[in-house]
Amino acid sequence: MASNTLFMSPEESARIQTAIQDKITQREEQKGQPREAKDSKALVEQAVSTSLMQDLSSAAFGFGAPNKRRDTMPAYEIGSPYLPCTEKLEDLRPMKLMDLRMETHHRGHFLMLRRVSPVAILEASSWTVVQDRSKDVERMELFLHKSQHGYNVLDMASELIVREPYYTLNSNGEPAIRVDHPSDLIITEISESPESWRQEIHNTPSHEPPSAEAYKRQGNHALLKKRDYAQALFCYTKGLELLHHVQSDNTLRNDLYRNRSYVNLQLQRFDEAKSDALSSITNNPTDDLNAKAYNRAGLAAYGQGQFLDAKKYFEKQAKVQPDDQHVKPHFRRVDARLREATEGVYNMSRIVSSLTKTGGRPDTASFDGPTGIKCSPGAGRGLFATRDIQPNEIIMCEKAFCVAWSHESETFSALVCDIRELAAIKVFPAGLHKAVVQKLLKNPSQVEKVLDLHGDYMGMGKKLIKVDDVPVIDTFQIHDIVQRNAFGPGQQTEDEDISNASTGLWIRASYINHSCIPNVKKDFIGDLMLFRAMRKIAAGEEITHAYDESSDYEARKATIKRTWDFECRCPLCLVEEMESDDLRQRRREAEEKASLFVESNNPAGASTILVRKAKMLRQVLGETYDEKKPSWLIDVQDLCIVEGNAQGRYIALSYTWFDVKGLSKDVEPLQLTSSNIHAMKTPDALRKEASRLPNVIKDAMELTSRLGERWLWVDRLCIVQDGPQKKSECMRMDHIYSGAYLTIAAATIYDERDLSNRDNMAIVPRIRHLYHRLGLTKWAKRAWTYQEYILSKRVVFFLEEEIFWQCEISIWDQISLQPYQDEQSSVATVTAERHSTVLRTLSTPAYPDFELYRDIICPYNGRNLSYQEDGLSACLGILNRLEPAFPGGFIFGLPRLYLDHSLLWQPLKRPPTYVEPGVRVSLISDDSTLRRDPSTRRPSLPSWAWCGWQCFVDPTSLLKAFSLGQPLDQEFKRNPRTLQNLVTWKPVGAECEHEEGLNQRLFWSSRSNLITARVPSACFFSAATLALRADRIIPLFGAAFISAEANPVLGEKPLGDSPKVVVIQDHSGMFSGLLRVTGNSTRENGQEIKLIAVSQGRANGRNLNESYEDRVFHRSIYHDGKPFRPLWDEYERWVDRPGTMTSCDGQYYVCEQEGAYKPSFDPPLTAYDDEVMYEFMNVLWVEDGESGVSYRAGCGYVLKDRWEAMTPTETDVILG
């Protein structure tokens, strides 16, 4: 077996790192110093001696290149990239060797040199001695990319030009002209023999330069006699250059093109081979030479993978020579490739049998299958299924863009020390890097496909650049692309190890992101990579495979970070991250037993005993994985912390933390940290720390014990508060609370100091009183406690003087053994059944129930948080439960399926206190924790999502947006509005370019969101932005604010938390629509505002007249004192139609004054006719921010006829 591990002692690793760091320091110290002249004779003798030693070494091992020593690997540093020269040669100025400065890139200059020594060929570089016209000499080194067309570049060169030379110290500390980019070196004269370097340079030629005809003869001689393709290419190119400005002699020009086309085919320079072949076509359609040209064009197109073009050229060849039988095999090959590319039909047996003959590169085409490339949230770009894919179906086959097999002489691995990553040492496929660069130089048409792949160093960007008709390849950029995207196809030969491991670059497969729980597996047949579905994959689902298949979490995590520079956040890693070392050790032991069992037993004809043992081993291994269980639990018997995965059922505590600011560490409440976790696992650890345990936790532990249970979950003691897994643990609240046998809700007036005043309890005979009392507590105002309650199966409420139990059936008090059956029993039934329905629906969501989603998020979003950036995290547990029923998951809390609809959410005019969906408590309180402003921005969360604001969400704004056509309660069956989408949208991710620089800033500004993401549940994106393709955008005049000032009755404080309304006029002053303001955006009367239409709506006049915006508007204009209707009926349930109101309607508010603003409209404004249908555009009011990002300022509607009269235009808008 090939070893994929490099064993290096710490001393050896430190020695390499120190040597490289010392070399970097030495270069910096000498930077800018003048070059010192060299002794010509000594330098040439050193080159001769080194070259001779290599020749002797080759002879000792046999002819050919010296064998690689298996106990050594070349080492070099990376991380100091520089750009290749992009200036034309005619724009550069000549310089001499004496002008060189140490550690300097001599931009704007070039050196004209001649080789005056043999070439010393090392594994990672080649060097020789060069001389300028002043007879001055210097060492010149080609690093890594030292061969071309199968020959050493320096060996081929007699005279050469170095563009913008880089003078530095080489790895041995010797000054040298270093060339990293092949395009920086131009060969002006080919070396005719190994001893050409000994010839003297002549300033004036003694003979006339060869003619084009002479170059043709020299090229034919090199091609036919010596099979020297490089020299033949050079001669044919020189001949064509002489004919560049000659109009006559087309026969000679065609011959040179045709011959060079053949040479290019042999060198696999398919781009130029096709171009040369087509350039040699004559005007005589029956010319047999044209058939030869078409044949070579077809072969070149075939080599490029352009099979339709190849077929076209072969057809033209057959037309010129209809009797030529040699073209028929080409047709068969092309037809086979087209079937493979379009249908995925492969002759696998033929492919396998051809591997030896083709050198592991079978003649096949790539099959993209039902896949497409698009942005992947938080992971750049990815590959996605374009249709449903069945298990075991082949979804994609791809030929390698480039592969380096272990048995090939140019394949080797190197130790690279990356100074960008604190001199981290990595094993890098240097041979593949060289091969990719060479292929790109040969075929520039392929450059942009490779540059579009992910790499750390951006170099010159993603577009092909040519200078003097030569492709410019930044080898440092290619290095990083290979580092991040190369695959290892596995061991190919017995003598393959890490020093010569086979590697390849598959471009399309590189877009497939990693998951430790992949949905496809890959196989290799030579350099053909096949992907097969491991399970059913739904249309739109991302395709993933495992970059590293190690079952050891720590080893897998380290490899992924070191090689691909990211941390996997798949469900498996999220679970394993929170596991203890003991659990991982148990899993390793179980895996070792399972592996030994598999190796020792043949599955064929296995006995019943073996099958039973295999099932037991699988069960033992499976028991070490359970993402639904907490990581840690409190053992109330042994009074310590224990591992959650190993325990049974448990009880959870829901409570609010109290402020510990100003307290010393001695009296600060105890919590689990990375420093005390081992001590907390010791029995009686909690008894020793009893003085620092909050009373509420002590009481919960006592209650757990009295209930006959042993395990208790409390966030303070069961989540490592300073650990990296804290956020991922918080995202698992759906599993923790829904998995708890019972939830204890410490809903006292105050905080975590204790459960209740147990000495002063009284029976409260009304169910309604429970929710009224809860509404007065801090617990009912906190955001985190909301999902803790919603997700719990059973809850026991500890209030200040009462205790209540709630389950799926009813509600009980602390004394009564029967559920409440008084005059309010209907309320109890409604409340308990609604809680039960919510929990059951969350447990098994069958369809994307938008009503349930609305009922859950509307009462949540105005609750209080200690950290506003937790606005989404605190309800992720609920969204995770809903996610399976909502295709595509959620985008910052908005369902992707209904994104156009949910963008129209509106803030509620007053934030009351909510307990659960469907239950509201109206209270009078001076509690400063209750936010009174309509909506407040939350940092690092997007303005277009409700989670970006602290405000309760108006349920009518979501219900009236569209018709779902799903089963609803009788109360909600009639929907007064319909909606039609107008825009297409896509996420703006870190890899999805919109504006260079913009996405990087947005990406880093929202890292706090990314690290709490759990993909695919409640999807987060790599930046808090959303790109909308808007069909409508229009600046409208006449934005004026109307404030709905009113006073509550009973002498309450003025109601200052009503969202303001904006009335819109068009340019002619006509009423156009209304907006509700989000936040505190302002405009002076008459100022323009920018609106984008995200959908088109339709509703009757009655519905529009009853909307919040129209009520504010009409009351202000007509001095109408009729108050707003409340949003609740007598059963305290949510309602969407005022028709369900009772006599209590209107009792809450009286108008403080008549209209605050009365605009003048001409023609006069009239109310909507109740029975008439009106069409309008649902619009967002956006304000421009930095870098072209637009932020939501409000939402509302504009009448369709007024909108279209303004002649709106199309635009791209980024909502932030």
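Oh and the sequence shown: position 901 is 901 in UniProt numbering, straight run, nothing missing.
In this text, a Cβ means the ideal position worked out from N, Cα and C, and glycines have one as well.
DSSP lists Asp635 as the bridge partner or partners of Trp711. In this structure, DSSP gives Cys573 a helical state, which the three-state scheme calls helix.
Around the beta-carbon of Arg381, 16 or more other beta-carbon atoms lie within 10 Å, marking it buried.
Inclusion of His545 and Pro518 in the CB contact set at 8 Å is warranted, their separation being smaller than that value.
Between the segment 730-739 and the segment 786-801, the count of C-beta pairs closer than 8 Å reaches three or more; the two stretches touch. In this structure, Leu879 lies away from Ser957, with their beta-carbon atoms at least 8 Å apart.
One alpha carbon belongs to Lys292, the other to Ala318, and they sit about 10 Å apart. Its Cα nearest to that of Lys521, the residue Ala533 stands out among Ala533, Tyr511 and Glu541. A distance below 8 Å separates the beta carbons of Val416 and Ile78. Annotation: the continuous alpha helix (DSSP H) that includes Thr475 extends over Thr475 to Asn485.
A direct Cα-to-Cα measurement between Ser126 and Lys146 gives close to 6 Å. Asp1212 carries a strand assignment under DSSP once its states are collapsed to helix, strand and coil. For the options Gly723, Ile719, Ala176 and Leu774, the alpha carbon positioned closest to that of Ala745 is the one of Leu774. Between the segment 295-305 and the segment 269-284 there are three or more C-beta pairs closer than 8 Å, enough to call the two in contact. Within the same chain, Cβ atoms closer than 7 Å to the Cβ of Asp548 are found at Arg556, Thr559 and Ile560, the five residues on either side in sequence being excluded.
The residue from Gly871, Pro34 and Leu876 with its alpha-carbon nearest to that of Ser943 is Gly871. Boundaries cannot be given for Tyr898, as no beta strand (DSSP E) includes it and DSSP labels it neither H nor E. It is roughly 7 Å from the alpha-carbon of Leu242 to the alpha-carbon of Ser211. With 16 or more other Cβ atoms from the protein chains shown falling within 10 Å of its own Cβ, Met396 counts as buried. For the 8 Å CB-CB criterion, Arg35 and Met112 do not form a contact. Counted as a single uninterrupted DSSP element, the stretch harbouring Gly504 is not any alpha helix (DSSP H) but the beta strand (DSSP E) occupying residues Thr503 to Leu505. Contact between Gly622 and Ser631 fails: their C-beta atoms lie close to 18 Å from each other, not under 8 Å. Just measuring C-alpha positions, the residue of Val1198, Gly1101 and Val1061 sitting nearest Phe1071 is Val1198. The Cβ atoms of Ser674 and Val714 lie no closer than 8 Å to each other.
By the neighbour-count criterion, in which a residue is buried when 16 or more other Cβ atoms sit within 10 angstroms of its Cβ, Gly150 is exposed. Rounded to the nearest angstrom, the Cβ distance from Gln477 to Gly504 is 19 Å, too far for a contact under 8 Å.
DSSP places Met156 in the uninterrupted alpha helix (DSSP H) bounded by Val153 to Met156. Annotation: the continuous alpha helix (DSSP H) that includes Asp309 extends over Phe307 to Val320.
Per DSSP, Ile20 is one residue of the alpha helix (DSSP H) stretching across Pro10 to Gln30.
Distance from the Cα of Leu223 is smallest, within the candidate group Ser196, Gln266, Leu610 and Thr188, for Gln266. Separation of Pro84 and Val450 (C-alpha to C-alpha, rounded to the nearest whole angstrom) is 17 Å. About 4 Å separates the beta carbons of Gly1216 and Val1189, which is inside the 8 Å limit, making them a contact pair. In the structure shown, Cys516 falls within a coil segment according to DSSP collapsed to helix, strand and coil. Fewer than three pairs of CB atoms, one per stretch, sit closer than 8 Å, so the segment 582-593 makes no contact with the segment 504-515. In the three-state reduction of the DSSP assignment, Tyr1197 falls in the strand class, which pools E and B.
Rounded to whole angstroms, the separation of the alpha carbons of Met73 and Gly360 is 25 Å.
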